[in-house]
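Chains A and Y are the protein sequences, given in the same order.
Residues are numbered in my numbering as their position in the first sequence, beginning at 1, plus a constant of 1.
Residues are numbered in my numbering as their position in the second sequence, beginning at 1, plus a constant of 1.
Okay, structure first, notes after.
Protein chains: 2
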Amino acid sequence: MESTFYNYLKKKVLVKSEHLPLLAREVSKKMLSKGDLLLTEGQVCKNMFFVEQGLLRLYSIDEEGREHIIQFAPENWFMSERGSLYFGSPSVFFIDALEDTKAVVFDQQFVDRASEISPEYRTYNEYILQNHIRQMQKRINLLIGATAEKRYLEFIKLYPDLAMRIPQWMIASYLGITPESLSRVRRGLTQK
Amino acid sequence: MESTFYNYLKKKVLVKSEHLPLLAREVSKKMLSKGDLLLTEGQVCKNMFFVEQGLLRLYSIDEEGREHIIQFAPENWFMSERGSLYFGSPSVFFIDALEDTKAVVFDQQFVDRASEISPEYRTYNEYILQNHIRQMQKRINLLIGATAEKRYLEFIKLYPDLAMRIPQWMIASYLGITPESLSRVRRGLTQK
DNA sequence: GTGCTTTCTTAACATACATCAATGTAAGGC
DNA sequence: GCCTTACATTGATGTATGTTAAGAAAGCAC
Numbered sequence: 002m003e004s005t006f007y008n009y010l011k012k013k014v015l016v017k018s019e020h021l022p023l024l025a026r027e028v029s030k031k032m033l034s035k036g037d038l039l040l041t042e043g044q045v046c047k048n049m050f051f052v053e054q055g056l057l058r059l060y061s062i063d064e065e066g067r068e069h070i071i072q073f074a075p076e077n078w079f080m081s082e083r084g085s086l087y088f089g090s091p092s093v094f095f096i097d098a099l100e101d102t103k104a105v106v107f108d109q110q111f112v113d114r115a116s117e118i119s120p121e122y123r124t125y126n127e128y129i130l131q132n133h134i135r136q137m138q139k140r141i142n143l144l145i146g147a148t149a150e151k152r153y154l155e156f157i158k159l160y161p162d163l164a165m166r167i168p169q170w171m172i173a174s175y176l177g178i179t180p181e182s183l184s185r186v187r188r189g190l191t192q193k
Numbered sequence: 002m003e004s005t006f007y008n009y010l011k012k013k014v015l016v017k018s019e020h021l022p023l024l025a026r027e028v029s030k031k032m033l034s035k036g037d038l039l040l041t042e043g044q045v046c047k048n049m050f051f052v053e054q055g056l057l058r059l060y061s062i063d064e065e066g067r068e069h070i071i072q073f074a075p076e077n078w079f080m081s082e083r084g085s086l087y088f089g090s091p092s093v094f095f096i097d098a099l100e101d102t103k104a105v106v107f108d109q110q111f112v113d114r115a116s117e118i119s120p121e122y123r124t125y126n127e128y129i130l131q132n133h134i135r136q137m138q139k140r141i142n143l144l145i146g147a148t149a150e151k152r153y154l155e156f157i158k159l160y161p162d163l164a165m166r167i168p169q170w171m172i173a174s175y176l177g178i179t180p181e182s183l184s185r186v187r188r189g190l191t192q193k
C-alpha cells in the first residue's frame, strides 16, 4: 500500500518502518464525489479523514440558513470534528467534499492504537493538535482585531493555492463577511 | 505540598499516588501582583501557568495600540502561549495578571516528563488540548456568524463568574467590539 | 449549440458597529 | 476628607459591512 498516506506516515510523521504495516492495515480508503456529506448536524462524528487528493470543508449553518466555514482541508491535511470525535457529543457542524476527493478514513481508536505502537506517531499527533491551536489562535486574533481587508490579505498569503480552488463566497464565509463585501474589498485593493 | 495543584493532579488528572511526589517536586510556585507581566511580545514563552488563585489573561496589541483579549485563565485553568511554548517561536501575545495571583509555574519539559512518568497525566494533557480546540472552534463559529449581542449572551452564559470579575471593556475586547458598543448591547437587553 | 445554475460584480439603501466627545460615577491613593 | 484615575454610559456622527436586487460572465447539463 504505497499510498500518499503511507508516504506521509513515513516521511512526515517519521513512523518507523517496522510499524508501518501495522498502521496501514487499520485504515480504509474512500472515494468521495464533490458534494458528498460526511458529517451532519446532530450526528456523532466517528471518523477522521486524511485527504490524499481533493478538498474537504467543515462548516456550520445558522438559524437563517447561512453557512459559516470553520476550516478547509486540502491534500495532506487531517479533517474531523474533534469536539464530537473526541468527546462523543453530537456535532453542530457539517463536513462535506468540495471536490472529488480521495481520503483515508480512520477513527479515534486508530489514533490511540497508533500512539501505542509508534512513539513517533504519538509525537506527531500532539504536534498536529498544537499546530491547530496555534492556527486558531491566530485566526481569533484577526477576527476580533482586524478589518475584513486585512483578514482577506492574511488568508491569501496563508493559503494562496486554496484561494484559487474555491469560489469567493466561501472565502467570504471563512472570513466572516458577505460575498458582496469581499467583492468590494477586492475592488478596493486593485485600485491601490 | 498539599496545594491546589497537587489536589488537582490527584482528583482531576487522576495521577496515581506513587507518581504525585515525583511531579510535585518539579514545579515552583509564584505569587503575582495585579498587573504583573508574564510574557511580552517578541519573547519566547518558556512557561506554563496553573492558576491556583487569581486571574491571568492572554492578549495582543495591534498597530493602533488596541488590546485584543484572546483568553482568560481563572482558578484551575492552565495558561500559556502554546504557539510560542511548543514551537519555540517568538510570541506575538502578552500574558499578564488581572488580579493578585497564586500560580504554579512549569515548562514544556515538565509536561513531557510528567507524560513519561504518568499515563494519566498524558491522557489528561491531551484532553486539555482537545478541549481547547473545541472551545476555540465554538468561538470562531460565533465570531464569523453571530451578532455582538449573541456573542455577549454566550459569553455570560459560559463564564458568568468571570463576567463579574473583569471590567466590561475587557469583555468587549474579548468579543471583538468596543466598550461603547457593549454598553449599548446591554442597554438593548435590559429594555427587553 | 441552448438553456440552466452558479458565481461575481455593482448600485442603492439599511443597519450594526466604531469614533469622538462629554458626563457621571465609583474606587483607590494619600 | 479630596484628588485622581479607571470605568461606564450617552449622544451625535461616521464608516464598514449587510441587504436587496439586478445583470454579466462563466460553468455545466443535455
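Ideal Cβ placement from N, Cα and C applies to all residues, glycine included.
Check	Outcome
Inspect the CB distances between the region 137-156 of chain A and the region 121-129 of chain A and report whether three or more fall short of 8 Å.	no
Under a three-way DSSP split, which group does Val-105 (chain Y) fall into?	strand
For chain Y, is any of its Cβ atoms less than 7 Å away from the one on Gly-84 (chain A)?	yes
Buried or exposed: where does Met-165 (chain Y) fall if 16 or more other Cβ atoms within 10 Å of its Cβ makes it buried?	exposed
At a CB-CB cut-off below 8 Å, which residues of chain A make contact with Arg-135 (chain Y)?	Arg-83, Gly-84, Tyr-87 and Phe-88
For Glu-127 (chain Y), which three-state DSSP category applies?	helix
Between the beta-carbon of Ala-115 (chain Y) and the beta-carbon of Phe-50 (chain Y), is there less than 7 Å?	no
Do Leu-15 (chain Y) and Cys-46 (chain Y) count as a contact pair if the criterion is CB distance below 7 Å?	no
Does Ser-61 (chain Y) come out as helix, strand or coil in the three-state DSSP assignment?	strand
In the DSSP output, what is Phe-50 (chain A) paired with across the bridge?	A:Met-80 and A:Val-106
State the CB to CB distance for the pair Lys-35 (chain A) and Leu-99 (chain A), rounded to an integer number of angstroms; the pair is presumed to be in contact (CB under 8 Å).	7 Å
Can a CB atom of chain A be found closer than 7 Å to the CB of Ile-145 (chain Y)?	yes
Does the beta-carbon distance from Phe-95 (chain A) to Tyr-60 (chain A) come in below 7 Å?	yes
If we ignore side chains and look at the alpha-carbon of each, how far apart do Thr-148 (chain Y) and Lys-158 (chain Y) end up?	15 Å
Ordered along the chain, which non-local residues of its own chain (more than five positions away) have a Cβ less than 8 Å from that of Leu-10 (chain Y)?	Val-16, Leu-21, Leu-24, Ala-25 and Tyr-122
Less than 7 Å between the C-beta atoms of Arg-140 (chain A) and Ile-134 (chain Y), yes or no?	no
Consider the Cβ of Gln-131 (chain Y): report whether some Cβ of chain A lies at a distance smaller than 7 Å.	yes
Please say whether Ile-71 (chain Y) and Met-1 (chain Y) have beta carbons closer to each other than 7 Å?	In the structure as shown, chain Y begins at 2 and stops at 193. Residue 1 (chain Y) is therefore absent and cannot be evaluated.
Taking C-beta to C-beta, are Phe-73 (chain Y) and Arg-58 (chain Y) nearer than 7 Å?	yes
Would you call the CB atoms of Arg-152 (chain A) and Leu-183 (chain A) closer than 7 Å?	no
Any Cβ of chain Y within less than 7 Å of the Cβ of Ser-92 (chain A)?	no
First and last residue of the alpha helix (DSSP H) that includes Leu-178 (chain Y)?	Correcting the residue type first, residue 178 (chain Y) is Ile in the shown sequence and not Leu. Run containing Ile-178 (chain Y): none; DSSP gives neither H nor E here.
Where does the unbroken beta strand (DSSP E) through Ala-98 (chain A) begin, and where does it stop?	95-98
Which residues in chain A have a C-beta closer than 8 Å to the C-beta of Arg-67 (chain Y)? List them in chain order.	Gly-146
Rounded to the nearest angstrom, what separates Arg-187 (chain A) and Gln-169 (chain Y) at their Cα positions?	35 Å
Confirm, please, whether the CB-CB distance from Ser-174 (chain A) to Glu-42 (chain A) is below 7 Å.	no
Indicate whether at least one CB of chain A lies closer than 7 Å to the CB of Asn-48 (chain Y).	no
Compare the C-alpha of Leu-39 (chain A) against each of A:Tyr-7, A:Gly-55 and A:Ser-81 and name the closest.	A:Ser-81
Against chain A, with Cβ distances strictly below 7 Å, would Ser-61 (chain Y) count as a contact?	yes
Ser-29 (chain Y): buried (16+ other C-beta within 10 angstroms of its C-beta) or exposed?	exposed
Quick one: does Gly-177 (chain Y) have its CB under 7 Å from some CB of chain A?	yes
The alpha helix (DSSP H) spanning Lys-1 (chain Y) covers which residue range?	Outside the displayed span of chain Y (2 to 193) sits residue 1 (chain Y), for which this structure offers no information.
Once you ignore the five residues that flank Ile-62 (chain A) on each side, which residues in its own chain have a CB closer than 8 Å to its CB?	Glu-42, Glu-68, His-69 and Phe-95
I'd like the span of the alpha helix (DSSP H) that includes Leu-39 (chain A), first residue to last.	Unbroken run through Leu-39 (chain A) is the beta strand (DSSP E), 38-40; no alpha helix (DSSP H).
Mind listing which residues of the region 100-130 of chain Y have their C-beta closer than 7 Å to chain A's C-betas, in chain order?	Leu-130
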